[in-house]
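The block underneath contains the structure these notes are about, expressed in structure tokens.
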Amino acid sequence: MSTDSIALMGAPGSPYTRKMLAMLRYRRIPYRLLMSGSEQAQRMPPAKVGLLPTFYFPDESGALEAVVDSTPIIRTLEQMFLERSVIPSDPALAFIDYLIEDYGDEWLTKAMFHYRWYYPADIERAGDILPRWRGLMASDEELAPLSELIRERQISRLYVVGSNDTTAPVIEASYRRFLELFSAHLRHGPFVLGGRPGAADFALFGQLTQLTAFDPTPMALTLEVAPQVYAWTSVMEDLSGLEPTEDHWHDRESLPDTLRDLLTEIGRVYVPALLANAQAVESGLDAVETTIDDLPWTQQPFPYQAKCLQWLRQERARLDLQDRAFVDGLLEGTGCDALFTKG
Ligand SMILES: N[C@@H](CCC(=O)N[C@@H](CS)C(=O)NCC(=O)O)C(=O)O
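Take a look at the structure:
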């Protein structure tokens, strides 16, 4: 077993797996993907929390240790490999990149999971294909019970992302707006923060691999509303040929207005959900009750996302006064400023 490549376990239907694979390709970091459920994957050390992707890094003794959570893993890989960084060198833009990465990982994923397990056509497709990724030689008879199992399990987990009849209109309207805003923003890119991709691009890409190219309902919507985003997603799959330079990042003094529009969308939907969730977790409530877009929003409290809010605040607190003033100026009036003024 070669040790000079990074080992990870994942699956094609896992948006965070796709996020990290595209990032590894772009950074030309040698890796080997162990398909979730495969014999090879089962021989690897288990992670404390069973999440996809799971990475395996050697500890001091050289033994492999299982590690999960793509955002801190990206930062670990930035320490291990110095070329082709996905973190903007301007600390203020690095914070904006972090905020948009978090939006992709924690809000856009609500649309991804919602569309997949809410509509019959999508439930049918996902239930049919997901077990095939683990059983390429299995017969349809063998796969049928697995399909049923996966459908039941995932539909019963819709509450984790807060997808229900009350929140469906909020999630769907926000996805449609994201498509329109991101389409417009790409014309000033072709990436979120300029001519080279950041962690934010890979986070958005991860969820879009499913929303644009697998689940039939959002796929049709994306092609209708934002063919640009459909095309962008397929290009992001492999950026190993790009030759990024420092100048490819946007200059903070000439950021396109479309970036502010995107931040305003984040402030409109993700921020109120994040703040209400943290409040509910802190107060030990059974439910998060708030309004988003003047519409009711209700979901079960999600402790992991309460941590996401803390990490966002820590990232901003790490900025020096000048960079923080710049970030606060950029976020003022977008709704994202509430992250640091409320609660
Ligand atoms: N914050 C984690 C999220 C990873 C995650 O939730 N992965 C999904 C698959 S895309 C998963 O493993 N879900 C648990 C399950 O389905 O049991 C990351 O960024 O890596």
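Going by my numbering, the first residue of the sequence shown is number 37, and it counts up by one from there. Quick reminder that beta carbons are idealized off the backbone N, C-alpha and C, glycines included. Predicted model, so just to flag it, every value in this text is computed and none were measured.
> Which stretch, first to last residue, makes up the alpha helix (DSSP H) that contains Phe131?
Replying inline: Pro127 to Tyr139
> For Arg120, which residues of its own chain have a beta-carbon under 7 Å away from its beta-carbon, when the five flanking residues on both sides are left out?
Replying inline: Tyr62, Arg63, Arg64 and Pro280
> Does at least one heavy atom of ligand 1 sit under 6 Å from the Cβ of Pro51?
Replying inline: yes
>> Under 6 Å: does the beta carbon of Ser121 sit that close to some heavy atom of ligand 2?
In response: Questions concerning ligand 2 fall outside what the structure shown contains, since the ligands it does hold are ligand 1.
>> If you reduce the DSSP assignment to three classes, tell me which class Tyr266 lands in.
In response: helix
> Near Val85, what residues of its chain come up, given a Cβ to Cβ distance below 7 Å and the 5 sequence neighbours on each side ignored?
Replying inline: Val104
> For Ile302, does the three-state DSSP call read helix, strand or coil?
Replying inline: helix
> How long is the line joining the alpha carbons of Gly98 and Tyr67, rounded to whole angstroms?
Replying inline: 17 Å
> Thinking C-beta only, is Ile328 closer than 7 Å to Tyr139?
Replying inline: no
>> If contacts are defined as beta-carbon pairs under 8 Å, then Gln350 and Asn313 qualify, I think. What distance do you get, rounded to the angstrom?
In response: Not really, about 17 Å apart at Cβ, beyond 8 Å.
> In chain order, what residues of the same chain have a beta carbon less than 6 Å from the beta carbon of Ile191, not counting five sequence neighbours either side?
Replying inline: Trp153
> Just how far apart, CA to CA, sit Ala47 and Gly242?
Replying inline: 12 Å
>> Please identify the residue among Leu118, Val363, Ala374 and Val305 whose C-alpha is closest to the C-alpha of Arg213.
In response: Val305
> Do Phe93 and Leu44 have their C-beta atoms closer together than 7 Å?
Replying inline: no
> Is the closest heavy atom of ligand 1 to the C-beta of Asp141 under 6 Å?
Replying inline: yes
>> Does the structure place the stretch 112 to 126 close enough to the stretch 183 to 190 that three or more beta carbon pairs sit under 8 Å?
In response: no
>> Going by C-alpha to C-alpha distance, which of Leu275, Asp237 and Pro233 sits closest to Glu282?
In response: Pro233
> Going straight from the alpha carbon of Gln76 to that of Met173, what length do you get?
Replying inline: 16 Å
>> My output table needs one value for Pro332: the three-state DSSP class, helix, strand or coil.
In response: strand
> For Phe149, does the three-state DSSP call read helix, strand or coil?
Replying inline: helix
>> Per the DSSP calculation, Trp285 is bridged to which residue(s)?
In response: Gly230
>> Using the three-state DSSP reduction, which class does Met56 fall into: helix, strand or coil?
In response: helix
> With burial defined as no fewer than 16 other Cβ atoms inside 10 Å of the residue's Cβ, what is the status of Leu144: buried or exposed?
Replying inline: buried
>> With distance defined between alpha-carbon atoms, name the residue in Leu129, Leu87 and Thr53 nearest to Ser290.
In response: Leu129
> Using the C-alpha atoms, what's the distance from His224 back to Gly231?
Replying inline: 9 Å
>> What does the Cβ neighbour count give for Lys343, buried or exposed, with the cut at 16 atoms within 10 Å?
In response: exposed
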